[in-house]
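Going by the working numbering, the first residue of the sequence shown is number 56, and it counts up by one from there.
No residue lacks a Cβ here, since even glycine has one placed at the ideal position from N, Cα and C.
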Amino acid sequence: MPDRANAPRVAAIVGPYASGKTSLLESILLATDTIHRKGAVADHNTVGDSSPEAREREMGVEVNIAEAAYLGGAWTFLDCPGSVEFLQETFNALTVCDVAVVVCEPDPARAVMLAPLLKFLDERGIPHMIFINKIETTENRLRDMIEALQAVSDRPLVAREVPIREEGKVVGYVDLVSERAYRYKPGEASDMIKIPADMQDRKAEERQEMLEHLADFDDDLLEELLSDIVPPKEEVYQTLAKDLAEDLVVPVFFGGALQDNGIRRLLKALRHEAPTLEETLSRLGIEGKPPILQVFKTLHAEHVGKLSLSRIWSGKVKDGLNLYGDKITGLFTYPAGQQTKVAMAPAGSIVGVGHLDSKKTGDLIGGESAADVPPVLGSLFALALHAQKQGDDVKLTAALSKLCEEDPSLRYEMDADTGELLLWGQGDIHLQVAVLRLARQFHVDVAAEKPSVPYKETICKSTSKQGRFRRQSGGHGQFGDVHLDIKPQPRGAGFAFTDTVTGGAVPKQYIPAVDHGVQEFLSQGPLGFPVVDIAVTLTDGSYHVVDSSEAAFKSAAQLAMREGMVECGPVLLEPILTVEISVPTEATSRAQRALTTRRGQILGFTPRDGWAGWDVVQGYLPQSEMHDLIIEIRSATMGVGTFSWSFDHLQELTGKPADEVVEARKAALG
C-alpha cells in the first residue's frame, strides 16, 4: 500500500444536519490521539462548533478547524455546518480541501438530503468518499442505501466493505480490498477475525462488483478481469487512489462515530488514497510564485480585527510577511481545534492570517487558477432591522458590512420603496443567528420583523381638476393656479408629465414647480402608497405678477392632485414575482400546491437541467406570500428544495385583501 503522507492534507467533513459530522470528528481526534476524551454534541463540549450561536441553536453554524496527525501524516479537518441555511459556509470550505468525507445516516429515504452536496462536489470534480454513519442503529441493507445514494450521485459509488451482522445488528465488516474481516470493539481498534463462512460468497460477489467499477476507468485492470486474473491488492489500492484523485468513483465506508466503529478504517483510506497537495494543485490548475494562499472564510474578532482563514497552496508563510501589499500581523494554526499563534506555516496548512485587509473570501492570493469560486447563494428570506438604541444606525450599518463579509450569502439593503433596512439570507435560522452575532460580536442590539411589502397604487379613470392656491398675510401673498388633466397609463409605463399651456398662462419658470408638486404628491396617494402609471398634463392656469412663486404653484398642483385623484378610482397594486422552485420530482405536486395556496399562478414545470429526478416549477407569486415560502418548500423536501425569484410586474389587488392592506397602512401612518 503506497505511503502518500507528505505535505499536510485537508479533509472537509460534510453532510446533512444530524448526520453525526461533529461526532465523527471527535472520534477521528480520539483515534489519532489528538484528544484523550471525547466530547458530546449534547453536552456542548466537542472540539467542533462551540460558538454561543451554535449552542443556542444546537447545530453547527460555521466551519470549525482541527489539526491531527495519523501514521506520520499531517491532517486538517474542516467540520462544516449541516443545515442547508449555512450551505455557503460549507461550499466555501470545500474549495480548499483535498478530499471531502460525506457523512449520512443509514436510511435510504433520507439519501436525497445529500443531493445539493454531491451535485456541488461532482460539478467541481472534488474527490469525495461517503461514510454511512450510525450503522449500528439500522437493519436496512447496505445495498439499498448505496442504491438510494447512487440516485443522487453523478459518480459511481464503490462499496469498500460489507457488513457482518449478528441478530440483525452490524457488528463488524469485511474489507473488500484486503479481504480481511474485523469485529467492532467500541472505543478501540477493531479485532481482526476470520471471515464468516456464510459471507464468503457475498464477499466474492461484492469484491467483483468493486473491481468491475474500477475497470471502467482502467484498461489494464479490465484485461485482467476478462482473463480471470486476480489483480494484486497493491494494484487495487493504487487504482482506488488514482480514481479518487480524478473524481471518477466515490468509495463508500460505514461505521458508528459514537462507538468509534469503523473510524480507523476510514482514516487508513484517507491516508493511503486521498489526493496529495500536489494532486489538488494540479486539479485546480493553481500556478504562481510562492507564497500562494486562498481565503475561504473571513472573521472579524474583537481586539483581534480581521482574520482570514486560508489554505496555503504553495510556499511558506511567516508572521510579519508583507504579502502582496498587506502585512501579516498574526499567524495562527488550529491543533485540536485551539487557535495557536505560530511564526511560520508550511504549504498545505490551514491558517488564520491577521490583517489581510484588502482580501476577501474566495480570493486566491499570489496565484492564478481556472478553478471555480463558489457562487453566492441567492437571497431567500428577509427581515427588516432597526437599531434598538437611538444613534446606533451608523454602527448597525458598519456591523452588517462586516457580517456580510464573513458570510457572503448574507446581504443587506435599504429598500427604496419602504425605507426599511433589510437583511437577506437563507432562512429564518440563518438570520436569527446573524441577529445574535450583531449583539454578541458587534454590540448592536436590533429589532427584527417581517418586511413590509412595497405596494403601489394607480388609477383607472381620468379627470381634469383645477388647483388654486391663494394666501394673503400682509405684504406679498402667495398665488398659483393650475388646470391638470390626470389620466391612467398602461401598466409599467411609469409617470409622465407634460404641459400644453399657451399664451403664457403659466410662466415657464413655474412649470417645473408644478411637475415637482405633482411628483411629491404621488409619493403617497389616496390609499397611502406611491402612485405609478399615471400621466399628468398641465393645460392651463393663471398667475399674479407680484404674488406668484414656485412654492405657490407647487402647492396649487398638490391641491389639484389631492382633489382629482379621489375621482380617478384609485386601486391598489401588489408586486408579483416570477419564481422557479427546484424540488425532487416526488415533491413537484407539493411545490405546485404551495404556489396555488399562496394565490400564485402556475406557469408550468420542466426537468431541472443536470439534476436527474428533479423538476423546476415556474409560476407567479405575490410578494406578500413569499416571506416564508422557503420554509414550506424545505419542509416538503427534507430541506433540499429551493427557489429563485425576481420582480415581474404589478397587479391589481381588490376586495377584502386590498381593504385589509389599506386599513393597515392608515393605522401605520396614524
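Ile688 and Gly694 have their C-alpha atoms some 8 Å from each other. In the three-state reduction of the DSSP assignment, Asn195 falls in the coil class, being assigned neither a helical nor a strand state. With distances taken between CA atoms, Leu322 lies nearest to Ile83 out of Ile83, Leu435 and Ala453. In the structure shown, Thr692 falls within a coil segment according to DSSP collapsed to helix, strand and coil. Secondary structure note for Pro171: it is in no beta strand (DSSP E), and the uninterrupted alpha helix (DSSP H) holding it is Ala170 to Arg179.
In the DSSP assignment, His704 falls within the beta strand (DSSP E) that extends over Thr697 to Leu708. Between Gly725 and the set Gly583, Ala646 and Thr652, the nearest pair of CA atoms involves Gly583.
The beta strand (DSSP E) runs of length 3 or more contained entirely in the region 348-431 are, from start to end of the chain, 360-369, 386-388 and 405-409. Taking C-alpha positions only, Val291 is separated from Leu684 by approximately 49 Å.
Within the same chain, Cβ atoms closer than 6 Å to the Cβ of Ala296 are found at Glu328, the five residues on either side in sequence being excluded.
Secondary structure of Thr335 (DSSP, three-state): helix. The shortest C-alpha to C-alpha distance from His571 to any of Thr557, Lys344 and Thr553 is the one to Thr553. Contact between Asp298 and Pro241 does not hold, since the beta-carbon distance rounds to 32 Å and is not under 8 Å. In this structure, Ala66 sits near Asp153, with a CB-CB distance shorter than 8 Å.
According to DSSP, Ile589 shares a beta bridge with Pro543 and Phe550. Counting only unbroken stretches of 3 or more residues, the beta strand (DSSP E) elements lying wholly within the region 655-679 are 656-662 and 669-677, in sequence order. Taking 8 Å as the cut-off, the beta carbon of Ser637 is found no closer than this to the beta carbon of Phe550. Counting every other CB atom within 10 Å of its CB across the protein chains shown gives Pro287 a total below 16, marking it as exposed. Taking a contact as a CB-CB distance under 8 Å, the pair Gly421 and Ile347 counts as one, their CB atoms being some 4 Å apart. The beta carbon of Thr518 is closer than 6 Å to those of Ile541, Gly619, Glu622 and Cys623 in its chain, skipping five residues each way along the sequence. For Leu627, the secondary structure class from DSSP, reduced to helix, strand or coil, is strand. Under the criterion of beta carbons closer than 8 Å, Glu475 and Pro506 qualify as touching, at roughly 6 Å. Residue state for Asp536 is assigned as strand, using DSSP reduced to three classes. Thr395 sits away from Thr353, with the two beta carbons spaced by 8 Å or more. Ranked by how close their Cα comes to the Cα of Arg617, the residues Phe524, Glu216 and Leu362 have Phe524 in first place. For the region 248-335, the full-length beta strand (DSSP E) segments reaching 3 residues or more read 305-309 along the chain. Straight-line spacing of the CA atoms in Val304 and Arg210 works out to 6 Å. The beta carbon of Glu460 sits closer than 6 Å to those of Thr353, all from its chain and outside the five residues before and after it, given in chain order. Nearest Cα to Thr193 within the set Pro161, Phe175, Leu172 and Ala170: Pro161.
Trp368 and Gly655 have their C-alpha atoms some 49 Å from each other. Glu117 and Asp418 have their C-alpha atoms some 19 Å from each other. Annotated three-state conformation of Glu635 is strand, per DSSP. Annotation: the continuous alpha helix (DSSP H) that includes Cys459 extends over Asp448 to Glu461. If you check the CB distance, Glu715 and Val626 do not come in under 8 Å. Just measuring C-alpha positions, the residue of Leu477, Asp246 and Asn119 sitting nearest Leu435 is Leu477. DSSP places Gln647 in the uninterrupted alpha helix (DSSP H) bounded by Thr643 to Thr651.
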